[in-house]
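Quick note: the sequence shown uses our numbering, first residue 342, plus one each step. All residues carry an ideal CB built from backbone N, CA and C; glycine is no exception.
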Amino acid sequence: MTLKKEAIHRLTIRFNLDPKQRAELSEIIDEISKVEACSSSVAAEKVRQLMENKHNSIVDIRKIYGIEKLFTLKEYNPDDAS
């Protein structure tokens, strides 16, 4: 098991993440590896430490690294944009 998968697995068990949250976590790890110019294993470890040790949420981690979530037309719901 790669470190990325292992980190996602550990976080899933600890925080009871649903499949959508796991997918988002995987995307965040990939984005952090691009932003920080590091491997996905290193990025996964950073995310794991932020969530486990500092109790940061997925939203907090996005803010820390300046990662914006892009919505596709399928995900956009006009009722949410109030």
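Taking every protein chain shown into account, the CB of R355 has fewer than 16 other CB atoms within 10 angstroms, so this residue is exposed. Burial is judged here by how many other beta carbons sit within 10 angstroms of a residue's own beta carbon; A364 has fewer than 16 and is exposed. DSSP, reduced to helix, strand and coil, places S382 within a helical segment of the structure shown. Cβ-Cβ distances below 6 Å link M392 to L352 in the same chain, with the five nearest sequence neighbours on each side left out; the list follows chain order.
With contacts defined as CB atoms closer than 7 Å, S398 and K345 fail to qualify as a contacting pair.
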